[in-house]
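Residue numbers (the UniProt record's numbering): 1 to 110. Working notes, beginning with the structure itself.
So, in structure tokens, the structure goes:
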């Protein structure tokens, strides 16, 4: 989300687009696990500070399931951006992704 500019100060983007970008660049193992992680990172009853802001039904504290990714929109929270702020300042090592088309960080700079 950070590398595609989906930041807190921009408009929300369809979750399905973000999931597709992640699958294509970093995690080619199915969309459900990526979307499930996005949803969990947006649930304020599970995390003290959310890392993803989400519009639409992202589940409930009563374990109601979230809406399908085509109905929700998401973007990074300000806190998530702070965790990634120095990623382009050579503070962490990068390794090739699964198909050697791009690099991904080994750890977050925070």
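All C-beta atoms, glycine included, are put in the ideal place defined by N, C-alpha and C. Remember, it's a predicted structure, so these values are computed and weren't measured experimentally.
- Considered as a whole, the stretch 31 to 96 harbours 52 to 55, 73 to 76, 94 to 96 as its complete beta strand (DSSP E) runs of no fewer than 3 residues, in chain order.
- Comparing alpha-carbon positions, the option among 40, 94, 100 lying closest to residue 28 turns out to be 100.
- Under the DSSP definition of a beta bridge, residue 103 partners with 96.
- In the structure shown, residue 10 adopts coil according to DSSP, grouped into three states.
- Around the Cβ of residue 4, a 10 Å sphere holds fewer than 16 other Cβ atoms; the residue is exposed.
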